[in-house]
Amino acid sequence: MVIAYVMVKAHTGDADRLKSDIEAVDGVAEAHIVAGDVDFIAKVNVETPAEVKDVAATHIQEIQGVETTQTYIAMD
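If you read the sequence shown in numbering that gives the first Met the number 0, its first letter stands for residue 0, the second for the next number, and so on.
Written as structure tokens, this is what we have:
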């Protein structure tokens, strides 16, 4: 099991819709609206590092309103 955290910068006017859209992506275990440099943090649980890339780069980044993402894979 690979656990990763995806930091999402987005247009915050649609925060509730974006949170729901992020949570609907296969592999996303949970998503939270946060204060700080990013607007959301999504926890991803998948089988391989390649699946992390697919979730973050293909699915989350394609959601309308998402500006950028940064992904961190847990090492423990």
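From the three backbone atoms N, C-alpha and C, an ideal C-beta is built for every residue, glycine too.
Following the continuous beta strand (DSSP E) through residue i, name the residue where it begins and the one where it ends.
i, result
"A41", "39-45"
Roughly how many whole angstroms lie between the Cα atoms of residue i and residue j?
i, j, result
"R92", "D75", "Examination of residue 92 is not possible in this model, given that the chain is present from 0 through 75 alone."
"E22", "Q63", "14 angstroms"
"E61", "K52", "13 angstroms"
"M6", "G12", "17 angstroms"
"Y71", "V24", "17 angstroms"
"A56", "K8", "13 angstroms"
"I59", "I40", "11 angstroms"
Considering just the uninterrupted stretch of the alpha helix (DSSP H) at residue i, what are its terminal residues?
i, result
"V5", "Not the alpha helix (DSSP H): V5 falls in the beta strand (DSSP E), residues 1-9."
"A14", "14-22"
Of the residues the options, which one's Cα is nearest the Cα of residue i?
i, options, result
"Q69", "P48, V37, V45, E50", "V37"
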